[in-house]
Every structure is written in structure tokens, then in C-alpha cells.
Amino acid sequence: MGFFSRNIKARDTEDEQTLDPIAEHDYSRRVELLESFEKSGLGWFWATDGQGRLIYMSKSALDRFGKTEADVYGTLLTDLVENDRSDSDDEYARENRPLAYYLGARNSITQLQVKLPLRGEDMYLELAGKPHFDDSNRFVGYRGSAKDITRSRESRRDAERLSQYDSLTGLANRHRMNKRLDNALAQYRNSKRSCALMMLDLDRFKQVNDTLGHPAGDELLKQVAARLGQIMNHGGEIGRLGGDEFLIMLPDLDDRGELGELATRVIQMIAQPYSINGSRAIIGVSLGIAIAPYDGLDAEELIKAADLALYAAKGGGRGQYRFYSSDLKEGAKLRRILEEDLRDALIKDELVMHYQPIVKAKDYKLSGFEALIRWEHPERGFISPEIFIACAEDIGLITQIGEWALNKVCEQAQQWPVELRVAVNVSPTQFGGDDFVQVVQRALKKSGLDPTRLELEITESVFAGDDEQTLGIFKELKDLGVRLALDDFGTGYSSMSYLRNAPFDKIKIDQSFVRGSTEEGNNNSAIISAVVSLAQALKMETVAEGTETKDELELVIDRGASHIQGYIFSRPITNEEALERLAKGELEYEPRGPEKYRAERKTVYRTVGAIHEDHRYKVTLRNISKSGARIEGLLDVPVGTEFVIDLGDGQLAVATVRRSKKQVQGVEFETPLISDGADGLCTRHRVSPYEIEAAGKPLAALSKDVYGQLAADRPISIPRFAEVDTSTG
Ligand code: C2E
Ligand code: MG
Ligand code: MG
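The opening position of the sequence shown corresponds to residue 403 in my numbering, with each subsequent residue numbered one higher.
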């Protein structure tokens, strides 16, 4: 008491005023206080009667709502406001119990967010209230307060949006996608729904970013996001995980045929050229697809599966999609091992250069060699550059390997007894490096090789970014005196405008045009003609790559190719073999190979299951196409017999025997298979884990042997057909 009295006295003397607190019984001053509070808009009061009808609302609130007492009094509070559930995955809103629930149970209300629909803009209120009882404990209604939270709610939502959305593209960010996927998958498990996940990673984005600059890279990402939005306009949530990675969630989609088509559309759409502040940029995209519950039940498992599929798509040469399958785990393991080993391969001297002859079309005389890198792995034997070059690019080893190759080739070619040209492949990453021109210059100087003997093979993808800069490097290289060849022509980009200014000496027609060019009904020979006349007009040489057969040789010569490279003359040979040949002066080649091109039939030798009447037989799959397959291993199966072919991983395809001869049957699938994104085929649908669950097994992602799992406790029926061993044939 003493403290307060002293304090009050001190103020008294200061202000010359007596303190006049509002006493509890001073009703008029208390009402005045409440009124000024109501008017200030800091808060309002409301009250209902025992039936929930409004009997009071602060005047300033009514003014603010644009309503009169007559509008409001007598209406139910629950008719006036709605529960605020506009943001259904906003946890705060989700936890908001509906107002009616509180009122019905006569519970106290605290901090309840509600929406007040108004003409113009909706208003959001935060309500508090307590049930009120009379002296005989009868409920007589609610007394409560309300606060306008429209503004603060908006800024909270803005902040949330920022933390949930990627500010560059406006797409959901990783955080939100994870949360959405977690929630969706948990819900879908109960309602037995499926959900596909596409994981995307742009190809060559880094290159564009590096050559055109970060603002251009940002702009490109925005345009990519917009294109994705266009393709997905019918549903599916798109998110950006960061960098050049995107994720698309597609509820209720488990048809791999549809998903494959969608993926193809995405790949095509993303590959169209972009215009960025007047510059042209080209990128590609790789896609990995996983489907819940087949490939994973929860977000973590499913994302891992999609990630592995993406990894495989990238490894498969980019610009592709891939479905997850259990084999990919093995592939990923192998790739990690390769990555590890590749780092040592250079030091351990495991890399060597082989040389493939390129001959002149007019006299089959040797014109030069293309240097092709080889990796002799101590345990795994020879590994194709198609696999490890991509790997080297990913782990940032390509510049080092490329420099090594360039030095090695210059050094070896300098020692050949005949001064022939030698071509070296240059990866786009190596080409885009800061000091590529200097690296070439150093290799020439160190070896003493005449620059005019060195040819650099470059692919069209170096034109993905800043063409000016690319042309600048070309000029510097030409100034050194080296030759430039355009490799794999026709496989990259639709635009050829760069050919106008690029100083190529040679165009290499990609093997995919040469192969099969003699078959009826394809355009390959017309394309070869067109490329040759284009090259002639630009005064460039042409090499027909991958010429294997006599009829192909005849065709490419007839179409005017100036040079030929392919197995018809020689496979790549070692440096020793090249030295020997040159020393002997054997500079002329003779075509040696099959007369005719034969379309390669996909021969697979794989053991699969053929199920008939609850009995699964082991058969060998000799041949498979979309519509049917050839199986071996069962004796004398009547035509018309129906089988379920178990292709593994829960892929069961109903098939009918159409041809049958001893142990060989040709079967036709009831539903055609579809492309798996790579060279393979797969079924549209798989056995659903929900079906397996319904059969009394725990819900889990698919295992390799789904049928075995399902049939484990079924009695074994007597086999109808005799099995024969075909594994040796
Ligand atoms: P590329 O530059 O298009 O090389 C031609 C490829 O076709 C070589 O495959 C060669 O062995 C193969 N080939 C040649 N004639 C025929 C034929 O008649 N039939 C068939 N089926 N194939 C034929 P390889 O050696 O496996 O190289 C594959 C790719 O790896 C090369 O394609 C090139 O892009 C890359 N590569 C090879 N060596 C290097 C290198 O030192 N550095 C870089 N960056 N890439 C390299
Ligand atoms: Mg090449
Ligand atoms: Mg090539």
C-alpha cells in the first residue's frame, strides 16, 4: 500500500491533478469506456440469446460490415459468419473446429477464425465467447467479442506463401511439396487411391546459366515453370525443388501408358527453343516416374524411387523418361561404383585411345582416324564411353579426362609414320570450360603435331547457350589452325541457323540415319541427301558414320557422302595396330561385311513366368514386342490357351497362344505393352499393392516376385503342360 500511495502522491504534485480511477459501481463511466473501445475498432462485442440468435453487435462493427441492427438481430450467428476453411491444407485452419460445434456443445470459444462474407471483400474475424447462464443455471446465450483480423491474416498468409512457394517461379517449394505429398499419400492409403510422381531435371541448364548469366538462367526457369503449368493445366501440382529440379504430383494416375505420353509431351515442350532477352537458349529435360503405392507408400520412399528413375533417365542419354523398377537399384549401385573407380582410372592408366579409320568415298583410301576413348576396368572389363563419359560429366571429371585424351592423341598421332588427320571428340562441358583453347594450344605445342592434322569433333549441343561466345571460341580454334567437325548431326536440335556462321570443315551424319537407310518406308536416305547437299553448299565434307553393310555403303556413296566410317571398313583399333598398318603402308581399305541391313529383332533371353490354372511355369522369353511374345519351355500347348505372363515386378499380362510348335509358342497380349522410356517394354498396369493387402498381406510397395508372394499359401495344382529345359538353346 505504501508504495502506491507514495507513487500517486508524486504524480499529484507533478501534474497538479488528482487521480480519478473508475470505480466498479461507476456504471456510466464504465459504459463510456466500453463504448470508446467499441468505437475504436480495437474490438467489438456480440451476444446471442438461448437459441443462438444475435441480440447484440457493437454499432461500429455493424457500420464496418455495412449492416444495420435490423439486418443482424434475430439471425443466427452461424448464418452470419462461415468457418474459415479457405486454406484447407493450412494447419491452423484445419484445426479450427466449426463454430456450430462449439455453440451446440455450449463450449467456450477462443481465437476462432471465421469468415464474414461481404459484398466486395470478405472480412475475417477472430471470435471469443462464453456461454452465459442465469441464476437458476439455465443457458441464456453467448456473450463474446470479435476482432477484425483481415489484415493480419493476409500478412500471415503472405509469409506462409513465401515459405511455401518458390519466389522465382511461384511454384510450390520443396517444403510444401513434401508436406502435400505426405498428407496426400496418408489419405490415399485409406481410400486406396494412387498417385504418380514425376521428378524432372533440366539437361544442360548449367551450361546456359554459365554462358548467358544467372539472370538469364532465372528467366529460363520461369519460362520452364510456365510451360509446365500449361501442360498440367488439367491437374497435378507442380513444385520446384530448387536449382533446375522440378516435381509434379499427379493424383489418381497409375496408367503407365498415360504417364509415358504425358512425359513425352513434357520432354517435347521443354525442348522447344527459349527466347531470353533476345538470346536463344535450348535445354532438355530428363524425367523419373514413380507411382504410389506400387513403388513406394510414403513420401520418402516414393521420392527415392522417382529419384532413382530420374538418375537412370539421365544416365540413359538425357531427354528421356524412365519408370521406376526394382532393377534400377542395382544400376544405381553399379554407377556409384563406376564413379568411385573413374576417379582412379586416370592415375591407374586404365584409359586408352583407340582409333577408327575414316576412308574417302571415292577410292576407299584412308583419310584419317577418329580417336575413341576406352576404359579397361580391372574387374568389369571394357566399359563403353557412352556410359562413363556421361558419368565423368556428372562428377566434374570430364575436363580432366578430355585434356588427357587430347594430349594422348596428339602425342600418338605425332609418332605415326604417315601424316594423317586425327579427330578427337570434345564434350560440350569441356568445350565450354574457361581455358579450352589454351588446352588445345598446349597439347599441340607439347606434341609438336601440325595443327592442320587435328580435328575437333563437337556436337550441336554447344549451341545451347550463348551463340556469340561459342562462335568466338570457334574463331580462336580456327586461328590455331585446327579443323572443326560437327558430330552426330541431326540428333540434337531442330534449328540449323548456327550452321550459317560456324566454320565447320566437316559434318558427320549420325549413324541413326545411316542404319536402316536402305529399308523401305523410312526417310533416312532423303535426309542423307539433304545433309550432303547442305554440306556441299557450305563447302564442308561429309562423313557417313556407322556404315556397316554393303547396301548402306552403296547408298551413302550414291547420295554423295565424301567420307565413310564404319564397321564395313574397320572397327576402332589400338594405337599399336594403327602403327603397324601405317608402317606397312596399307592405306587402302576393302569393304567387308554383310550384304544387306537387317532390322535388329529384339532378342531377349529372359526367364519369365507363364501362369495357367494356378500353376506357374518357367519359360524363356525369346522375343517380345508390344503386341506379343515368343516363349519357349512348354511342350505342345494348344492354340487358344490363355496364359498370364508374369514379367516380374507385378507386371502380369494376359496372353493367348496364337501359334504353337513343340516347345515354342507365339502368344498375343490382350492389352498391348507400352514403352518403358528406354529400349524396353512394360505393362500399363501392375498388380496393385491394395489387392495384395486385400489378400491378407501387409500393405507394401511391390516386390520383384509379386505372384510368388500371392500364391505362397495356395495349394499347388497339378501341371497341365510338360516343361522342357530350353536354357541351353
Ligand atoms: P561418336 O563420336 O559418334 O563415335 C562413333 C561411335 O560409333 C563409336 O562408339 C564407334 O565405335 C561407333 N561406330 C563406328 N562405326 C560403327 C558401325 O559401323 N556400327 C556401329 N554399331 N557403331 C559404330 P564408341 O567408341 O562407343 O563411342 C561412343 C561415343 O562416346 C562417341 O560417339 C563419342 O560421343 C563418345 N566418345 C568416345 N570417345 C570420346 C572421347 O575421347 N571424349 C569424349 N568427350 N567423348 C568420347
Ligand atoms: Mg565422334
Ligand atoms: Mg558420331
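No residue lacks a Cβ here, since even glycine has one placed at the ideal position from N, Cα and C. All values reported here derive from a predicted model rather than from experimental measurement.
According to DSSP, is residue i helix, strand or coil?
i	result
D1115	coil
W806	helix
L421	coil
Y1019	strand
T854	helix
M579	helix
V1126	coil
P533	strand
S547	strand
S863	helix
Y526	strand
V828	coil
H616	helix
E781	coil
L689	strand
E703	helix
E1034	strand
E493	With a pLDDT of 42 at E493, under the threshold of 50, the modelled position of that residue is not reliable, and no figure is offered here.
L652	strand
K731	helix
Mind checking whether residue i and residue j have CB atoms under 8 Å apart?
i	j	result
A1012	F971	no
C793	R737	yes
R720	S688	yes
T480	A507	no
A773	A747	no
M755	I691	no
V841	G892	no
G445	S557	no
Which word fits residue i, buried or exposed, when buried means at least 16 other C-beta atoms lie within 10 angstroms of its C-beta?
i	result
F965	Correcting the residue identity first, residue 965 is His in this sequence and not Phe. Its Cβ being crowded by 16 or more others within 10 Å, H965 is buried.
I771	Looking at the sequence itself, residue 771 is Phe, so the reference to Ile does not match. Flag for F771 reads buried.
S352	Past the boundaries of the shown model lies residue 352; the chain is included only from 403 to 1131, so the question cannot be answered.
F1123	buried
L1037	exposed
Y713	buried
P819	exposed
T976	exposed
S1119	exposed
G662	buried
I797	exposed
G538	It is Ser, not Gly, that sits at residue 538 in the sequence shown. Looking at its Cβ environment, which holds fewer than 16 other Cβ atoms inside 10 Å, S538 is exposed.
K1064	exposed
E1139	Because residue 1139 is not part of the residues shown, which for the chain are 403 to 1131, the question remains open.
Q1053	buried
N903	exposed
V668	buried
Y1007	exposed
V1041	exposed
Thinking C-alpha only, which one of the options is nearest residue i?
i	options	result
L643	H1014, S569, Q632	S569
E426	R595, L984, L435	L435
I650	N575, A815, L1101	N575
R906	K941, G619, S927, R961	Note that residue 906 is Phe in the sequence shown, not Arg. Nearest of K941, G619, S927, R961 to F906, Cα basis: K941.
Y900	D751, A866, K910	A866
I785	N926, Q871, L740, G543	L740
P974	Q566, E947, A463, D743	E947
I749	S430, L799, L879, K764	L799
L664	I685, R902, Q632	Q632
I1033	V1126, K1106, I789, D1078	V1126
V839	R823, E862, D868, K877	K877
D550	S596, Q589, D473, R466	R466
Is residue i close to ligand 1? I mean its beta-carbon at under 7 Å from any heavy atom of the ligand.
i	result
Y969	yes
V828	yes
E788	yes
T949	yes
L928	The amino acid at residue 928 is misidentified as Leu; the sequence shows Ala. Every heavy atom of ligand 1 is 7 Å or more from the Cβ of A928, so no.
Q609	no
Is the closest heavy atom of ligand 2 to the C-beta of residue i under 7 Å?
i	result
E772	yes
D881	no
D746	no
E857	no
D394	What is shown of the chain runs 403 to 1131, which leaves residue 394 out entirely.
Is residue i close to chain D? Criterion is C-beta to C-beta, closer than 8 Å.
i	result
Y458	No chain D appears in this structure, which consists of one protein chain only.
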